[in-house]
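Okay, so here's the structure we're looking at.
Numbering (the working numbering), first residue to last: 34 to 202.
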């Protein structure tokens, strides 16, 4: 677990700056936290046509409930027989492994970010929310910190892999 970021405040006091405050200053662009690059969301390029996104939930803390939000413009997401452009996969009620069919009418971007629920309300991009993104040959690892307390990139960990053959479902 990483502590909150300390920032000199021009006087003798120290203030604590959250990841959300730093993302606001960067206008949503990735920021540096020590040697790590932290993102508010992952933007996955999607070419026109059919694809399958395989999602594996590696770990998730139980409280608050963690989730993964997917949103696409210029396309559709097919999951559990429903066609949507915006979905949330909650750790407490979705399978550990999920396949989402993507139909893109043009080259577009799939936006992916972490969310969490407190009292039934979905939260994102506040406090110390952010993610470390690691791309490998086969998949993308998202290690997410929810916005509660200190930065902790083990709050929610998922792996996603995009396949261009819809026959993979």
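Built from N, CA and C at the ideal position, the CB exists for glycine as well.
Note that the coordinates shown come from a computational prediction; the quantities given were computed from them, not determined experimentally.
Going by DSSP, which residues form a beta bridge with residue 137? 82 and 108
Pick helix, strand or coil for residue 154, following the three-state DSSP scheme. strand
Which residues in the same chain as residue 155 place their Cβ atom closer than 6 Å to its Cβ, once the five residues preceding and following it in sequence are excluded? Taking residue 155 as the centre and dropping the five residues before and after it, the same chain places the C-beta of 148 closer than 6 Å to its C-beta, in chain order.
Roughly how many angstroms separate the alpha carbons of residue 90 and residue 128, rounded to a whole number? 8 Å
Please report the residue range of the beta strand (DSSP E) in which residue 194 lies. Residue 194 -> beta strand (DSSP E) spans 189 to 196.
Grouping DSSP H, G and I as helix and E and B as strand, with all else coil, what is residue 58? Correct three-state label for residue 58: helix.
To the nearest angstrom, how far is the alpha carbon of residue 60 from that of residue 52? 12 Å
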